[in-house]
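What follows is a set of notes on a single structure, which appears directly below.
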Amino acid sequence: MRNFVREFKEFIATGNMIELAVAVILAGAVGAVITSFTNGIMMQVVAAVFGQPDFGNITITLRENVDTVIDPATGRETSVDSVLQIGAFINTLIVLVLTALVLFVIIKAYNRVKKPQEVVVVGPTEADLLAEIRDLLAGRQL
Numbered sequence: 455m456r457n458f459v460r461e462f463k464e465f466i467a468t469g470n471m472i473e474l475a476v477a478v479i480l481a482g483a484v485g486a487v488i489t490s491f492t493n494g495i496m497m498q499v500v501a502a503v504f505g506q507p508d509f510g511n512i513t514i515t516l517r518e519n520v521d522t523v524i525d526p527a528t529g530r531e532t533s534v535d536s537v538l539q540i541g542a543f544i545n546t547l548i549v550l551v552l553t554a555l556v557l558f559v560i561i562k563a564y565n566r567v568k569k570p571q572e573v574v575v576v577g578p579t580e581a582d583l584l585a586e587i588r589d590l591l592a593g594r595q596l
């Protein structure tokens, strides 16, 4: 049991686990910012241009009166149509594109600020050096 606890502590304390936890928390915060930007700014532009707050009402009716249901608020029967909800799909695509844009900007800024990694010049191996010395010594004897 002690070995299990020790291994678990090592697992939790590794740098990758901490970085992953921070990334998940930041992703949630970035998601909230993107949602706020989409709903509070972009969809308001859509409302100004198209006269409705989003594309959610855009549908294509495939077949009318497919089924009937009872409306719980009124108690009346209501017919149900078979519709493609194109507007909801467009709204989701807008959120996807804006999310990709924000992530792209974040990655560009990160790459600009990130310190470049030092290039380690790998010299010749010990075997290469010994072979070179051998060749030089062999050349002197001629």
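If you count by this note's numbering, then the sequence shown holds residues 455 to 596, one letter each, in order. Ideal Cβ positions, reconstructed from N, Cα and C, are used throughout, including at glycine.
Determine the contact status of Phe509 and Ile560, defining contact as a CB-CB distance below 7 Å. In the sequence shown, the residue the question calls residue 509 occupies position 55. In the sequence shown, the residue the question calls residue 560 occupies position 106. Contact: no.
Residues near Val574 in its chain [Cβ-Cβ closer than 6 Å; skip 5 each side]: Indexing the sequence shown from 1 puts residue 574 at position 120. There are no such residues.
Report the residue ranges of all alpha helix (DSSP H) runs contained in full by the segment 539 to 586; include only those spanning at least 4 residues, in chain order. 540 to 567
If you drop the 5 nearest sequence neighbours on each side, which residues of the same chain put their C-beta closer than 7 Å to that of Leu557? Counted from its first residue, the sequence shown places residue 557 at position 103. Taken in chain order, the list of residues that qualify is empty.
According to DSSP, what are the bridge partners of Ile524? Here the question's residue 524 lines up with position 70 in the sequence shown. Answer is Glu531, bridged to Ile524.
Asn511 (DSSP reduced to helix, strand or coil): What you label residue 511 is simply residue 57 of the sequence shown in a count that begins at 1. Here Asn511 sits in coil by DSSP.
Name the two residues that bound the continuous alpha helix (DSSP H) containing Asn457. For the purposes of this step, residue 457 is taken as residue 3 along the sequence shown, with counting starting at 1. Note, Asn457: alpha helix (DSSP H), 456 to 467.
Would you mind reading off the limits of the alpha helix (DSSP H) that contains Gln498? Against the sequence shown, residue 498 aligns to sequence position 44. From DSSP, the alpha helix (DSSP H) with Gln498 extends over 497 to 504.
Three-way DSSP call (helix, strand, coil) for Asn653 in this model: Because the chain spans 455 through 596 in this model, residue 653 falls outside it and cannot be assessed.
Answer with buried or exposed for Met497, where buried requires no fewer than 16 other C-beta atoms within 10 angstroms of its C-beta. Taking the first residue of the sequence shown as 1, we reach residue 497 at position 43. So Met497 counts as buried.
Inspect the beta-carbon positions of Asp521 and Val534 and report whether they are closer than 7 Å. Residue 521 sits at position 67 when you count from the first residue of the sequence shown. Residue 534 sits at position 80 when you count from the first residue of the sequence shown. In contact: Asp521 and Val534 (Cβ atoms closer than 7 Å).
Where Glu518 sits in the DSSP three-state scheme: For this step, residue 518 is matched to residue 64 along the sequence shown. It is a strand residue.
Assess contact between the segment 562 to 581 and the segment 545 to 554, defined as three or more Cβ pairs (one per stretch) separated by less than 8 Å. Is contact present? no
Is it right to say Ile472 is buried, meaning 16 or more other beta carbons lie within 10 angstroms of its own, or is it exposed? Position 18 of the sequence shown holds residue 472. That one is exposed.
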